[in-house]
Amino acid sequence: MFFLFSHYYSSMMHHGTDFLLQPIFTRGVSASLNLVLLLVLVVYWVWKKVQVDHREKSERKGFRNAGFLYYKHSLVCSLVICVFNLVLCLLSYFYLYNNYGSEELVTLTDLALKTIVWGAVCAYLHSRNSEAQDPSLPRMLRIWWWVYAFVCCSCLVIDFVVYAKHIFLPVMYLVYDIGSSITSLFLCYVGSLGCSVNSMAKLAPLEEPLLNGDSNVSNNSVPIKARGNENLTWYSNAGFFSILTFSWISPLITLGNEKTLEHEDLPHLATDDSVAGIFPTLRNKLESECGSVRNVTTLKLVKVLFLSTWQGILLSGLLEFLYSCASYVGPFLIDILVQYLNGEHKFKNEGYVLAMAFVAAKLLECVSQRHCMFRFQQVGVSVQSKLVAMIYAKGLTLSCQSKEVRSTGEIINLMTVDAERIGEFCWYMHDPWMCVLQVALALLILYRSVGVASIAALAATVTVMLLNLPLSSLQEKFQGKVMEFKDKRMKATSEILKNMRILKLQAWEMKFLSKVIQLRKTEEIWLHKFLAGTAIIRFLFTNAPTFIAVVTFGACVLMGIPLESGKVLSALATFRILQMPIYNLPDTISMITQTKVSLDRIASFLRLDELQTDVIEKIPWGSSDKAIELVDGNFSWDLSSPITTLKNINLKVFHGMRVAVCGTVGSGKSSLLSCIIGEVPKISGTLKICGTKAYVSQSPWIQGGKIEDNILFGKEMDREKYEKILEACSLTKDLEVLPFGDQTIIGEKGINLSGGQKQRVQIARALYQDADIYLFDDPFSAVDAHTGSHLFKECLLGILKSKTVIYITHQVEFLPDADLILVMRDGRITQSGNYNDILKTGTDFMALVGAHRAALSSIKSLERRPTFKTSSTTKEDTKSLSKIYDQKSDDTIEAKRQLVQEEKREKGRVGFNIYWKYITTAYGGALVPFILLSQTLTVGFQIASNCWMTVATPVSATAEPDIGSFTLMVVYVALAIGSSIFTFARAFLAVIAGYKTATVLFNKMHLCIFQAPISFFDATPSGRILNRASTDQSALDMKIANILWAITLNLVQLLGNVVVMSQAAWQVFIVLIPVTAACIWYQRYYSASARELARLVGTCQAPVIQHFSETISGSTTIRSFEQESRFNDINMKLIDRYSQPKLYSATAMAWLIFRLDILSTLTFAFCLVFLITFPNSMTAPGIAGLAVTYGLNLNAVQTKAILFLCNLENKIISVERMLQYTTLPSEAPFVIKDNQPDYSWPLFGEVHIRDLQVRYAPHLPIVLRGLTCTFTAGAKTGIVGRTGSGKSTLVQTLFRLIEPVAGEILIDNINISLIGIHDLRSRLSIIPQEPTMFEGTVRTNLDPLEEYTDEQIWEALDMCQLGDEVRRKEEKLDSIVMQNGENWSMGQRQLVCLGRVLLKKSKILVLDEATASVDTATDNIIQQTVTQHFSECTVITIAHRITSILESDMVLFLNQGLIEEYDSPKKLLKNKSSSLAQLVAEYTRRSNSGFGN
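With UniProt numbering applied, the sequence shown covers 1 to 1493.
See the structure below:
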C-alpha cells in the first residue's frame, strides 16, 4: 500500500495537481487509520486477557444499567457500517476487478479493512455487553469515533470541492461518504452520552431499571413508575432524535426481552393521554355546548370530542398530507428514470440525483406515515378513554326507568365495543379528504403520462366511489342490526351469569344456554349479511385500480394516444398507490358506518333520563331541628304510569329519633327509604333533609375486594373505631375464621360470604361513615336471633343512639324500642306513633302483631306436641365426630389462597397450536389451501398484467410497437379478469371461514361455561366472562379472519415484488438477505414485549367492566353515601391502567415498523444505485423501470405484512382467551344413562348423610367437618346455627353444587354422587335465599321449561297468594318481568319462587332462608302453604326466624361445620342448656320486653 501510495503521489505531483484533493489520498489515509485501529484492538484484547479480573460476577452484574442501552446503539450502528462496507467491497471487487488501477486497488483495500475493523468493533462491543462489564464506553473507541467522523466529514467536503471543479468523481464515493458521515456523527453522539455511568444516570433515569433482567437485584426492585417525577413520562422527556425514531420506547422493549412484562413496568401516561387529566375539561366543554348531557346529539358529541383532541387531529392531518405528497414523488419520476436508463441524459449525474430524490421521498414517506399512525393511536386511545369515562359517569346518575331501558349488558357493550370502535375510527378520520387529495395528485401524474385519457381515469374513479352510496347504506343497516342483537345477547348473558347459582339448582342452565344460542343465531343472520357485504365491497375496491387501468389504457388506444413503457409504468405506479385509498375505502366506509351507529347509540344513552336533582332539598346542618321533613309527598317509580307508588306522605323525623317502618309485602316500605335518599321521582310535595346519609339495602351490595376496603369505603383507617364497629357487627369471630381475616378478598357479589355476613359487612360500612341519618332496609332478616339481637342492641341502641335512624323490619320484636313506628299499606302511611299508641288504635298494626303473637304461641304449644320418632345424632356422637375430625385436620396444613385470583394470563409467544386451532376450526381447515391458492393466483395475474404492459409497449415514442393495440388490450383485460375472479373467490372464502370459526368457538365456549362448576363462577368475576363474550367475540366476528388472510396476501405480494426486482438486478439479494435477517431479528426482538402488552390490554379491560357492573348494581348505595366522585376517580384510574398497555403496544409497533421501513428503503436504494451505476445493457429499461415501480411499493407491502402480523399476534390473544374457556373443568355428567334413577325417584324422600366433609376449593378450609345424620322421609327438619356455620353449604352439597371431599349423601338409598346432576337437581325443589326472577314474563319465570299448562300455573299462583295480583295486570300470565325482577318487590319474588316449587311437586323441598325478606304474616302464608301442600314430603328448612324452625319435626343445630345437637324441638327445649333453648329464650325475651328495658 505504501508503494502504491508513493507512486500515485509522484504521479500527481508531476501533473501539477493538488494531491490532497485526490480520492486516493483520503482513501489511503482512511485505510491506514483502520489498520492502526485493528492492531490496537488486538493488542488491547490480548492485554485484557492476560490481566486477572478479581471482581465477582455479581459485582459486574451491578453495572448492568442504562449504559448498556448505548452499547446497543453503538453495536447496531457498527454492524450497519460493517455490512455497508462489505456490500460496497463486494460490488467493487466483482464489477471493477478486470479494470483497476492504483486508485481502485486502494479503495478496495480501504473497504476490506473497514469491514474487518468494524466487524471487530461489533464483536468487542457484544462481548462487553454480554459479560456485563463496566458500561462506560472505552475511551479508545470514543477517540476513534471522533477521528473517524473527522476523516469522513473531510472526505465529504473534498468530494464537494472536487465536484465543484468539474473533476470526475465516482458517485459511489459520494454515497459512501454521506452515509459514513451520518453514522460517524451518530456514534460521536452516543459516545458523548455514554461517556460515564453517572452522566447517563442523570440523563436517562427512567431507563436504568429497564436494562436489568434480574428482578432480585435490589437496585432494580423498585418499579419504573415509582422512580423520578411521576408526572413526567418517557415521551415527555424524550429528545428530538428519540421521538423521531421512537427510541424512547426502546427501554420497555429491551425489558420485555429480559423478563415477562408486568403492568408495574409500564411508564405513566402523559397528562394529555390520561383520562384523569382530560375528562374534566371534556365534561365542561360538553356542558357548555349542550347545556346538559341530556341534550347531547351525535353532532354535538363529535364536535366536543374534536375540540378536546384537535391538536392531535391537526398534527396527524399534516403528517398524512406529507405522506401523500411524498408517496407520489416516485410515480412522477418513474418515466424520467426509464428514459435515463434508455440513454437520455439531460445533465451530468442525473441518475444519481434521481436516486437521491427517490430515496429522500421514500424516507419522508416512512417518517411521516409512522408518526401519523402513532398520532392516530394516541388520539384513538384518548377518545375511547373519554367515552368510557362519560358512559360510566352517566351510569351513576341513571334513573330507575332508564335502567329498565338499558340493561347492564347493553351498557357494557357501549363501553367495550362502541367506544373502542370510535377510538379505532381515528385511524380512518382523514381518509375522506385524503382520498380526494390522492385522486387529484394521481390525475395530475396521469395527465402528464396519458394526456386526455386521464379524464377516463377520473370517470372510472368517480364510478367506483359512487358505488359507496348504496353499499354504505346497506352496511349501516346491517351493522345496526348486529349491534342490536348483540346488546340483547349480552343483556341475557349478564343476567344469566349473575344468577347462575339458581339456574344450576333448578337444572335450567341448558334451557337458558339455548336462549343465548338463539339470540346469537339471530345476531349471526345479520352478521353474515354484514360480512358478505364487506366481502363484496372488498372485491369491488380491490379490483378498482385494475378497472381504472383498463379504462385508462383502453381510452388511450381508442384516442390513438401512444403508450410508452415509461408512461405505462408511471401510470401503473400511480394506480398501485391509488390502490391504497381505494382499497381502504371499503374499510373506511365500513368504519364510518359502524362509528356513526356507535355514536348514535352512545348519544342516545347519554340522553337517557337521570335522577331528579330536585327531589331533595338539602338543609345545612344545624339549621333545623328536623332531620327529615316530608310534606304532601307523592312519588312514582314510573312517571308515565297512572299508579302512584307513594301517596300523600307526610313525615317529620327529628334529630336523634329512631323510626321503625313496617307493613305487608309490597306496601311501599323500601320505596319510602328510596324516596328519602332521592331515588324515586317526585310528582309533588317537598322533601327536606338535614345531614349526611348512610344506607343499608335489603339485598346486600358488596364490592369485589378486601373486606377491610368494603367497610372503610373510601375513609381513612381509624383502628380503634374500626375494631369497635367489627365487634358491634359481630364480625370479629367471622374474620378470625376467614383465612386472611379482613384482608380476605371477597368474590363477586360477596360470593364467599354467607347472606348474614354480607349483611353485617354492609352495616359495618354504614356505621364507619359516621353519618347523621341512617336508613336500614330490613337489616335483621338475614341473621340468626342471637346475631339480630346483638346488632340491634350494639348498633341501633349503642353506636347509633344519638343518630337519626329509620329501619324497616318484619320482626315485630324490634318495634317497641322505636320512638316512632310507621305502618304502611298500598303506598300510604296508614298509622304512625309509638308502639303502645298504635297497638290500641290500628287494625293494620294489630294484624302484624297478631301474626307475631300467633308465632310466639306456637313455641308454647311445643310442649303439648308428640315427639317425632326418628333417628338422631346425640351430643356424644357429635363430640366423637368432632374429635375424629380435629385429629385429621391437625395433620393437614392447608396452603392459604384467596378465592378470587388474578386473571390467568398466558406468557411467552402465542403457541402455534392457537393459530392451528383457529384455522382448522372451520371445516377442519379444508378452505385454507383454496384461499392460499386464490391469493397466489390473484397476485400472479396482477404481476403478469403489469409485465405484459411493460414488455408489449415501446420504450420511447420513436420506437415502433411490436404488438398491436387490440392484442395489447385483449391480453391485458383477460389477465385483469383472471385476477378479479380469484379476488372474488378469496374474499368470500375468507368470510365463510372466519364466520364459521367465530360461530364454532362461540358455541364451544358458552357450552363449557354453562357446564362449569359453580366454583368457577364464585372465583371468576362476571366481567372476565363478559369481556370474552363481547370484546373477544367481536374480534373473532369482525377482525381476525380479515387480518389473517391479509397477512398471507401481503406475504405473497412481498414475494412477488422481490421476484420482479430480482429480474432487473439479482444483485439485490446481496442486501436483501442481511436486511431480511435484520427484519426477522427486529420482529422477534419486538414480539416478546408486544405479546405481553397485548395480554395486559386484555386483562386490564375486565376490571373496567367489572367495576362498572358493580357500580350499576350498587349505584343506590354509592349515591346515598355521596361517593360518586370517588367511584368516578377509581374508574378513571382503571381506564388509564387499560390505556397504558394499549398505547405503548401501538408505540412499540411504530418502533418496529419505522426500523423495517428504513431497512426496506435501504434495499430499494441499493437497487436504484445498482441500476444507475452499471451499464444499461445489463437489463432492459422497461424491466428496470418495472423493478423500480415494485420497489416503490416494497416498504408499503412489507409494512402492511408486518403490521398485520403484529395485529394478528395481538388479536389472536382473543382466540387464546376464548380457548381457555373451552377447556374449563366441567361438572359431573348431567345424565348417566347406565345409572339413571327411576322416573318416580325419590319415592319416599329419606336423606342419609354419612361422615360428610366439604370444602369450597382445594386451597380453602373445610366447611362441613364430618356430618352424620338422617332426614326421615316425610319429616320437616329445621337447620339452625350462627351465620357461617355451614347451613347453606349443606344445601349446596345436597344439590351437588359442591362435591364432598369425603363421605356421602344417600336419597332413598341411592348415592347422589353416582347419578347425573340433572337427574338429581330436577327431582329436588328449593326456595333459595336470594329470590330470583328473570327478564321475560310471569309464565316464563314460573315455567321456563314449558312443562305445565296455564291452568296448572294459575293454580300454583293462587296457592302462593299471587293469583289476584297477576290477574289485575292487563297481560295476565304474559305480564312483563323486568331484568332481575326489578318491577316486583322482594317478597313478591319470594312468592314466585314458592310458586315454582308448587308446580314442581318434588318429594324433597329445601327452604334456604325463604322467608327472610317477608313480614311475619307472609311468612305464615308460606309456612301454611308448605305444610298443606308438602305434608308428605321431606322439608328441609334453613331460617333465622325461630318460629319457622320450631314448626319442624326435627332441628339440626350446626356450629362451625359440626353438628352441635340434632333432635326434636320439644326435647331440645326441655334442656335449658341446649343451644336451641338459649336461642328461643333470647327470641322470647326480646319479643316480650324489647331492648330498651
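Heads up, the beta-carbon is just placed ideally off N, CA and C, and yes, glycines get one too. Remember, predicted model here, so these are calculated numbers, not experimental data.
For residue 682, the enclosing beta strand (DSSP E) starts and ends at 682-690. Judged by their CB atoms, residue 1109 and residue 408 are nearer to each other than the 8 Å cut-off. The residue from 574, 785 and 763 with its alpha-carbon nearest to that of residue 777 is 763. Relative to residue 827, the option among 1146, 671 and 631 whose CA is nearest is 671. By the neighbour-count definition (other C-beta atoms within 10 Å, threshold 16), residue 279 is a buried residue. With respect to the C-alpha of residue 817, the residue from 183, 825, 833 and 530 having the closest C-alpha is 833.
In terms of Cβ geometry, residue 1310 and residue 1237 form a close pair [threshold 8 Å]. Residue 1162 is positioned such that its CB atom lies closer than 8 Å to that of residue 1071. Partner residues in the beta bridge of residue 1337, as assigned by DSSP, are 1376. Comparing alpha-carbon positions, the option among 1426, 642, 310 and 491 lying closest to residue 1410 turns out to be 1426.
Secondary-structure assignment with DSSP links residue 1221 through no beta bridge to anything.
When the beta-carbon positions are compared, residue 976 and residue 945 come within less than 8 Å of each other. The same chain holds no residue with a CB closer than 6 Å to that of residue 525 once the five nearest residues on each side in sequence are set aside.
Nearest to residue 308 by C-alpha distance, out of 1292, 378 and 1233, is 378. Under DSSP, residue 1450 shares a beta bridge with 1277. Cβ neighbours of residue 1457 within its own chain (closer than 6 Å, five residues either side excluded): 1263, 1264, 1265 and 1286. Residue state for residue 713 is assigned as coil, using DSSP reduced to three classes. Judged by pairs of C-beta atoms under 8 Å, the region 489-501 does not touch the region 960-972, as fewer than three such pairs exist. Distance from residue 1246 to residue 1268 at the Cβ level is roughly 15 Å; contact not present, criterion being Cβ atoms closer than 8 Å.
Distance from the CA of residue 1119 to the CA of residue 700, rounded to the nearest whole angstrom, comes to 15 Å.
Boundaries of the beta strand (DSSP E) harbouring residue 1268: 1262-1271, taken from the DSSP string.
Taking C-alpha positions only, residue 835 is separated from residue 814 by approximately 10 Å. Annotated as proximal: residue 449 and residue 567, with beta-carbon spacing under 8 Å. Judged by their CB atoms, residue 460 and residue 446 are not nearer to each other than the 8 Å cut-off.
By the Cβ-count criterion, residue 1107 is buried, with 16 or more other Cβ atoms from all chains shown falling within 10 Å of its own Cβ. With respect to the 8 Å criterion, residue 807 and residue 796 are classified as neighbours on the basis of their beta carbons.
In the three-state reduction of the DSSP assignment, residue 703 falls in the coil class, being assigned neither a helical nor a strand state. The C-beta distance from residue 148 to residue 1131 rounds to 56 Å, too long to fall under 8 Å, and the pair is not in contact. With a cut-off of 8 Å on Cβ pairs, the region 428-441 is in contact with the region 316-327, counting three or more such pairs.
Remark: C-beta atoms of residue 1189 and residue 539 do not approach each other more closely than 8 Å. Taken through DSSP and simplified to helix, strand or coil, residue 997 comes out as helix. Within its own chain, the residues whose Cβ lies closer than 7 Å to the Cβ of residue 759, once the five positions on either side in sequence are excluded, are 700, 779, 782 and 783, listed in chain order. Assigned with DSSP and collapsed to three states, residue 600 falls in helix.
For residue 662, there is no enclosing alpha helix (DSSP H); the residue is part of the beta strand (DSSP E) that begins and ends at 658-663. The criterion of a C-beta distance shorter than 8 Å is satisfied by residue 805 and residue 659.
Listed in chain order, the alpha helix (DSSP H) runs fully inside the region 939-995 amount to none, counting runs of at least 4 residues.
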